[in-house]
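Heads up: the structure comes next, in structure tokens.
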Amino acid sequence: MLTLVRAEKSCEYKLKHCAAIYLVFRKYFETSTSNREVASSYNNEVLVLSERDSEFFLAVMENPPEPSEGLLSVFE
56 MLTLVRAEKS CEYKLKHCAA IYLVFRKYFE TSTSNREVAS SYNNEVLVLS ERDSEFFLAV
116 MENPPEPSEG LLSVFE
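Heads up, the sequence shown is in my numbering, so the first residue is 56 and it goes up one at a time.
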């Protein structure tokens, strides 16, 4: 039967392989930890509005005004 993986591997090969896996996982966990810290900083913001301001905010979100000439010129 044809195998795609070498059956016998030296101790040096196994150590290098384990070291490479360790480095990949370490980098992954460092990145995911920093991403979670950044994401959690955005989750802590709370917007407290009066009833009048909340109604205005929702009205603007539902029916936004037409873009001004200045705003349109930015995208040209």
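A virtual CB, placed ideally from N, CA and C, is assigned to each residue, including glycine.
Spatial neighbours of residue i within its chain, please: CB distance less than 6 Å, with the 5 preceding and 5 following residues excluded, ordered by chain position.
i, result
"F130", "none"
With DSSP as the reference, label residue i as helix, strand or coil.
i, result
"E67", "helix"
"F130", "coil"
In the DSSP assignment, the alpha helix (DSSP H) including residue i goes from what residue to what residue?
i, result
"F111", "106-117"
"V101", "Where V101 is concerned, there is no enclosing alpha helix (DSSP H), given that its DSSP letter is neither H nor E."
Leaving out five residues on either side along the sequence, give the residues of the same chain with a beta carbon under 7 Å from the beta carbon of residue i.
i, result
"E106", "none"
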